[in-house]
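Asker: Sequence lines, in order, name chains A and B.
Our numbering applies: residue 13 is where the first sequence begins, and numbers increase by one.
Our numbering applies: residue 13 is where the second sequence begins, and numbers increase by one.
Following this message is one structure expressed as structure tokens.
Protein chains: 2
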Amino acid sequence: MKLARLRIGEWESYGLVEGERVRVIQGSIFGEYAISEASYPLERVKLLPPTRPTSFWAVGLNYAAHIAHQERALDAERIRREAGVFRPWHKGVGCIIGHNDPIVLPPEADYVHYEGELVIVIGRPARRVTPEDARHFILGYTCANDVSGEGSWSKDMSNWRRKGSDTFGPVGPWIETEVDPHRLEIITRLNGREHDRGSTSGMIHDCYATVSGISQFVTLHPGDIILTGAPGAVEPLHPGDVVEIEIPGIGTLRNPVVAEDGGTR
Amino acid sequence: MKLARLRIGEWESYGLVEGERVRVIQGSIFGEYAISEASYPLERVKLLPPTRPTSFWAVGLNYAAHIAHQERALDAERIRREAGVFRPWHKGVGCIIGHNDPIVLPPEADYVHYEGELVIVIGRPARRVTPEDARHFILGYTCANDVSGEGSWSKDMSNWRRKGSDTFGPVGPWIETEVDPHRLEIITRLNGREHDRGSTSGMIHDCYATVSGISQFVTLHPGDIILTGAPGAVEPLHPGDVVEIEIPGIGTLRNPVVAEDGGTR
Numbered sequence: 013m014k015l016a017r018l019r020i021g022e023w024e025s026y027g028l029v030e031g032e033r034v035r036v037i038q039g040s041i042f043g044e045y046a047i048s049e050a051s052y053p054l055e056r057v058k059l060l061p062p063t064r065p066t067s068f069w070a071v072g073l074n075y076a077a078h079i080a081h082q083e084r085a086l087d088a089e090r091i092r093r094e095a096g097v098f099r100p101w102h103k104g105v106g107c108i109i110g111h112n113d114p115i116v117l118p119p120e121a122d123y124v125h126y127e128g129e130l131v132i133v134i135g136r137p138a139r140r141v142t143p144e145d146a147r148h149f150i151l152g153y154t155c156a157n158d159v160s161g162e163g164s165w166s167k168d169m170s171n172w173r174r175k176g177s178d179t180f181g182p183v184g185p186w187i188e189t190e191v192d193p194h195r196l197e198i199i200t201r202l203n204g205r206e207h208d209r210g211s212t213s214g215m216i217h218d219c220y221a222t223v224s225g226i227s228q229f230v231t232l233h234p235g236d237i238i239l240t241g242a243p244g245a246v247e248p249l250h251p252g253d254v255v256e257i258e259i260p261g262i263g264t265l266r267n268p269v270v271a272e273d274g275g276t277r
Numbered sequence: 013m014k015l016a017r018l019r020i021g022e023w024e025s026y027g028l029v030e031g032e033r034v035r036v037i038q039g040s041i042f043g044e045y046a047i048s049e050a051s052y053p054l055e056r057v058k059l060l061p062p063t064r065p066t067s068f069w070a071v072g073l074n075y076a077a078h079i080a081h082q083e084r085a086l087d088a089e090r091i092r093r094e095a096g097v098f099r100p101w102h103k104g105v106g107c108i109i110g111h112n113d114p115i116v117l118p119p120e121a122d123y124v125h126y127e128g129e130l131v132i133v134i135g136r137p138a139r140r141v142t143p144e145d146a147r148h149f150i151l152g153y154t155c156a157n158d159v160s161g162e163g164s165w166s167k168d169m170s171n172w173r174r175k176g177s178d179t180f181g182p183v184g185p186w187i188e189t190e191v192d193p194h195r196l197e198i199i200t201r202l203n204g205r206e207h208d209r210g211s212t213s214g215m216i217h218d219c220y221a222t223v224s225g226i227s228q229f230v231t232l233h234p235g236d237i238i239l240t241g242a243p244g245a246v247e248p249l250h251p252g253d254v255v256e257i258e259i260p261g262i263g264t265l266r267n268p269v270v271a272e273d274g275g276t277r
């Protein structure tokens, strides 16, 4: 089942995506709801980020291939110090944008890259759940682009602007509730060309361990989202680019890239 | 003006604190509101955390005396590497509790201390504001306890559980809108005994620089709160303790400390 959040004119609701159409959902996907007969062509609605989370979590350096890539590209000492440690962090809800919304590059960010990732969407309050029980607290999965500044921002020591600048958190296009999260491909395309392809089977901390791990100390709430890490190589973004994160079985998250100051760099 | 958020029976609202009574506010303190004639004794209402922020920010190591204390007490190399750098981070909204709510120590945290701090409350959306203009985007100030785990948690490399575990974010008791934030004393008491006293005049990054700095890359929203750092020494918390953060001119935030497993340690 594909659950979206959408705006039709001035009006917001959840919706059930069926092929090229979306049926309006009355109520909340985190509580009581009914699927109405009213439907719209997908191309006529604005897809919003699929939830409005209280917290936007991320787990970084969660695939061996990505760690190896980052060691070569960035500060190898920092990467080796952090790799493998279960260290969830807050990307910050303020940076979330939806499908088709522009990623805006601030002029101060001299290098920004994409990171295509699988996202866990929490369905029920979770506190001290075991990895074995974690699946019952997950509503489904979506795609995200963990847009990240490196270069002069790589030594920021917290990800506040490096990964949390406004628009650096594209999420969508919708939540898929019926996939095995550890048997998915993540394909990243830049301007239509495939740049990276990886499998979620390679996660170091899998989705259930991640939900369980965070929930040991911090309650997860319905609608909270968790990035699970980029599987492989990454490439820089420039104004005019279009970046797509496709997870077959879920969907494709597409975002254009623009410069905040209108420049082209 | 002292603005509180309160619960009376099953009903939540904002309120204006006047001496020992609170007058009910109709509407939102971040939009249109009216102060009604209905009032209650303060002791009869439950004070809630004064806002429901989209983001709970913090700026650490923001006073020379606190940096010196932490260098002696903790990992001196890490403290020196991070001190002085403008490095806001997300404490996480999930840990917020209000006045009189218990701080709950997880059994896994072998050392937890208090940090009494001044809190900035954002009043209007702020993006790319200058330090000179920042005061116009601030609604007021309140008190917080930046409860922090060290010991075996001090090498977590993100503050997710060290400073973000459930209940580690007491905030309140209310927002004061008419104080000079850089001429305030912060007094911390443990079980009635004063343990630390510092002045906000010693901030490295003052409140206006902090709001301006974050807003360069991340939009601040009405109700967002920002911790501004502990001024001096800190002491560990144990089950049965009562910790108070008093900022004369604002008020006193008081919280009891309990063990999650009911133990006394």
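Even glycine gets a Cβ: it sits at the ideal position worked out from N, Cα and C.
Report, in whole angstroms, the separation of the C-beta atoms of Y123 (chain B) and V159 (chain B), which I expect to be a contact under 8 Å.
Answerer: With a Cβ gap of about 12 Å, Y123 (chain B) and V159 (chain B) do not count as contacting.
Asker: Hey, is P182 (chain B)'s beta-carbon within less than 8 Å of any beta-carbon in chain A?
Answerer: no
Asker: Do you know offhand how far G135 (chain A)'s Cα is from H194 (chain B)'s?
Answerer: Roughly 43 Å between the two C-alpha positions.
Asker: Figure out for me which residue from A:V97, A:P243, A:A70, A:G261 has the closest Cα to the Cα of P185 (chain A).
Answerer: Selected option, being the one with the closest Cα: A:G261.
Asker: Sorted by chain position, which residues of the same chain lie with C-beta nearer than 8 Å to S25 (chain B)'s C-beta, five sequence neighbours on each side aside?
Answerer: Apart from the 5 residues on each side of it in sequence, S25 (chain B) sits with its Cβ closer than 8 Å to the Cβ of R17, L18, V36, I37, Q38 in its chain, given in chain order.
Asker: Could you check what DSSP says for S67 (chain B) in three-state terms: helix, strand or coil?
Answerer: Three-state result, S67 (chain B): coil.
Asker: Could you name the residues of chain B that T66 (chain A) contacts, counting a contact when the two beta carbons are closer than 8 Å?
Answerer: V105, G106
Asker: If you measure between the beta carbons of H217 (chain A) and T66 (chain A), is that distance less than 8 Å?
Answerer: no
Asker: Please report the residue range of the alpha helix (DSSP H) in which A242 (chain A) lies.
Answerer: Neither: A242 (chain A) is in no alpha helix (DSSP H) and is coded neither H nor E.
Asker: If contact is defined by three or more beta carbon pairs under 8 Å, each pair taking one atom from either stretch, is the stretch 100-115 of chain A in contact with the stretch 161-181 of chain A?
Answerer: yes
Asker: So, is R203 (chain A) buried or exposed, given that buried needs 16 or more other C-beta atoms within 10 angstroms?
Answerer: Correcting the residue type first, residue 203 (chain A) is Asn in the shown sequence and not Arg. It is exposed - the Cβ of N203 (chain A) has fewer than 16 other Cβ atoms within 10 Å.
Asker: Threshold first: 4 residues or longer. Then list the alpha helix (DSSP H) segments lying entirely within the stretch 179-261 of chain A, N to C.
Answerer: 219-227
Asker: Rounded to whole angstroms, what is the Cα-Cα separation between F68 (chain A) and C155 (chain B)?
Answerer: 25 Å
Asker: From A:R266, A:E120, A:R209, A:D253, pick the residue whose C-alpha is nearest to that of G161 (chain A); which is it?
Answerer: A:E120
Asker: Would you be able to state if there are at least three C-beta pairs under 8 Å between the stretch 250-257 of chain B and the stretch 76-95 of chain B?
Answerer: no
Asker: Taking only beta carbons into account, state which residues of the stretch 149-177 of chain B come closer than 7 Å to chain A, listed in chain order.
Answerer: Contacts with chain A (Cβ-Cβ distance below 7 Å) from the stretch 149-177 of chain B involve D168, M169, S170, W172, R173, G176, S177, listed in chain order.
Asker: Residues in the same chain with beta-carbon distance under 6 Å from S164 (chain B), minus the five sequence neighbours each way, listed in chain order, please.
Answerer: D122
Asker: Under 7 Å Cβ to Cβ from T283 (chain A), same chain only, skipping five residues before and after it: list those, please.
Answerer: The structure shown does not extend to residue 283 (chain A), since chain A spans only 13 to 277, so no value can be given for it.
Asker: Using CA atoms only, rank isn't needed, just tell me which of A:R140, A:S213, A:V105, A:I226 is closest to P61 (chain A).
Answerer: Each of A:R140, A:S213, A:V105, A:I226 was checked against the Cα of P61 (chain A), and the nearest Cα belongs to A:V105.
Asker: Going by alpha carbons, who is nearest to N157 (chain B) out of B:I150, B:K103, B:G31, B:E44?
Answerer: B:K103
Asker: For I41 (chain A), collect the residues of the same chain with a Cβ closer than 6 Å to its Cβ; drop the 5 residues on either side in sequence, then sort them by chain order.
Answerer: L15, Y26
Asker: Between the Cα of R64 (chain A) and the Cα atoms of A:K175, A:S211, A:I108, which residue gives the shortest distance?
Answerer: A:I108
Asker: G210 (chain B) and I198 (chain B): beta carbons closer than 8 Å?
Answerer: yes
Asker: Might you give, ordered along the chain, the residues of its own chain that have their beta carbon closer than 6 Å to the beta carbon of A11 (chain B), omitting 5 neighbours on each side?
Answerer: Because chain B in this structure spans residues 13 to 277, residue 11 (chain B) falls outside the shown range and cannot be described.
Asker: Could you tell me whether the Cβ of F229 (chain B) comes closer than 8 Å to any Cβ of chain A?
Answerer: yes
Asker: Whole-angstrom Cβ separation of V131 (chain B) and I237 (chain B), contact assumed at under 8 Å?
Answerer: The beta-carbon distance between V131 (chain B) and I237 (chain B), rounded to whole angstroms, is 5 Å. This is short enough to meet the 8 Å contact definition.
Asker: Taking 8 Å as the CB-CB limit, is W186 (chain A) close to chain B?
Answerer: no
Asker: Any residues in the stretch 242-265 of chain B with a beta carbon nearer than 8 Å to a beta carbon of chain A? Which ones, in chain order?
Answerer: none
Asker: Near A95 (chain B), which residues of its chain fall below 7 Å by C-beta distance, leaving aside the five closest residues on each side in sequence?
Answerer: Around A95 (chain B): L73, I79.
Asker: Would you kindly work out how many angstroms separate the C-alpha atoms of S166 (chain B) and M169 (chain A), rounded to a whole number?
Answerer: 15 Å
Asker: Can you round the beta-carbon distance between V183 (chain A) and G152 (chain A) to whole angstroms, since I take them to be within the 8 Å contact cut?
Answerer: Contact between V183 (chain A) and G152 (chain A) does not hold, since the beta-carbon distance rounds to 13 Å and is not under 8 Å.
Asker: Give the DSSP-derived three-state secondary structure of A138 (chain B) in the structure shown.
Answerer: strand
Asker: Thinking C-alpha only, which one of A:I257, A:V97, A:E258 is nearest A221 (chain A)?
Answerer: A:V97
Asker: Nearest chain A C-beta to E94 (chain B) closer than 8 Å, yes or no?
Answerer: Chain A contact via Cβ: present.
Asker: If I follow the unbroken alpha helix (DSSP H) through E120 (chain B), where does it start and stop?
Answerer: Under the DSSP assignment, E120 (chain B) falls outside any alpha helix (DSSP H); it carries neither an H nor an E label.
Asker: Consult DSSP for R35 (chain B) and reduce its assignment to one of helix, strand or coil.
Answerer: strand
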